[in-house]
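Since the structure comes first, as structure tokens, the remarks are kept for the end.
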Amino acid sequence: MSSEKNYLLEVSMDDGKNLVTFTVKARPSRFYKYVRIPLASVLIAYLLPQMYKVLQQSRTSAYEISRLFKLDIFTVERFDQWHSVVLFLVGFSVVVLLSLQEQSDSLMVMEDMGIQLSSRKRWRFDNRGSNKEFIPRSDIIDIVIHEGFHGYGQVIFYMCILTKAQERSGSEGNGIKVVFPNFLPRKDILLQVWKLSRKMLYGETRRHFRRVPGQGLREVKHLHE
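First residue of the sequence shown? That's 3 in our numbering, and the numbers climb one at a time after it.
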């Protein structure tokens, strides 16, 4: 059974029209769009005066403040236990709300230079390390749309970048980089991205490669009809 895949495609192009970015993301929920920021603001407005009041009443030192943030509520007798628990839960809720972000996959095409793939996770703290990959134009064989199986036998279309990186490293076969891997959007979105990205990257020429014995892949160019 196929999924709905009701995703959004955002296309942005710079003023010089030599760089275009395609971003695929899910349609934001009402909670994320209308509730998250106002709710976090209300919780922060409650939390800050309460924390200030606690610090003023207790006249805590730096050591005691560190003990408070470690939730050592059973040894700090000056603070009411339930009040400390409430402050912790409110603070934790604020962190969770502000850590949420829109998950997205992006494809940036730079004219005559190459392609950059990037992904953004749902949680900000889950974006540690590099989630971007640049593929120079010289390493790209072509950008293609394929049909394949996904999940429980579901047939889908997906776009990928065929690269020559593995061939140059001495291993057999060519590299495949899947575009928009977290969403795998519908075919109509893929076609729109495919047409504009290939035109941006290669101009008005088709991309054809032929394997020449002893020489590997060699490009054969033909003009568009």
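All residues carry an ideal CB built from backbone N, CA and C; glycine is no exception.
With fewer than three CB-CB distances shorter than 8 Å, the segment 35-53 does not count as touching the segment 121-130. Taking 8 Å as the cut-off, the beta carbon of Val111 is found no closer than this to the beta carbon of Leu10. Per DSSP, reduced to three states, the secondary structure at Gln105 is coil, with no helix or strand assignment. About 16 Å separates the CB atoms of Lys166 and Leu119; that is not less than 8 Å, and the two are not in contact. Between Leu49 and Val92 the beta-carbon gap is near 5 Å, inside 8 Å, which marks them as a contact.
Taking Ser199 as reference, the option from Asn133, Glu135, Ser108 and His152 with the minimal CA-CA separation is Ser108. As the crow flies, the alpha-carbon of Ala47 is around 11 Å from that of Met53. The secondary-structure analysis by DSSP pairs Trp125 across a beta bridge with Leu102.
A direct Cα-Cα distance of roughly 19 Å separates Arg32 from Leu45. For Leu57, the three-state secondary structure derived from DSSP is helix.
A check of alpha carbon separations from Pro138 across Leu193, Ser86, Arg29 and Leu164 identifies Leu164 as the nearest.
Residue state for Val37 is assigned as helix, using DSSP reduced to three classes. In terms of Cα proximity to Asn8, the closest of Asp16, Val26 and Val22 is Val26. One Cα belongs to Lys55, the other to Asn133, and the distance between them is close to 42 Å. Counting every other CB atom within 10 Å of its CB across the protein chains shown gives Pro30 a total below 16, marking it as exposed.
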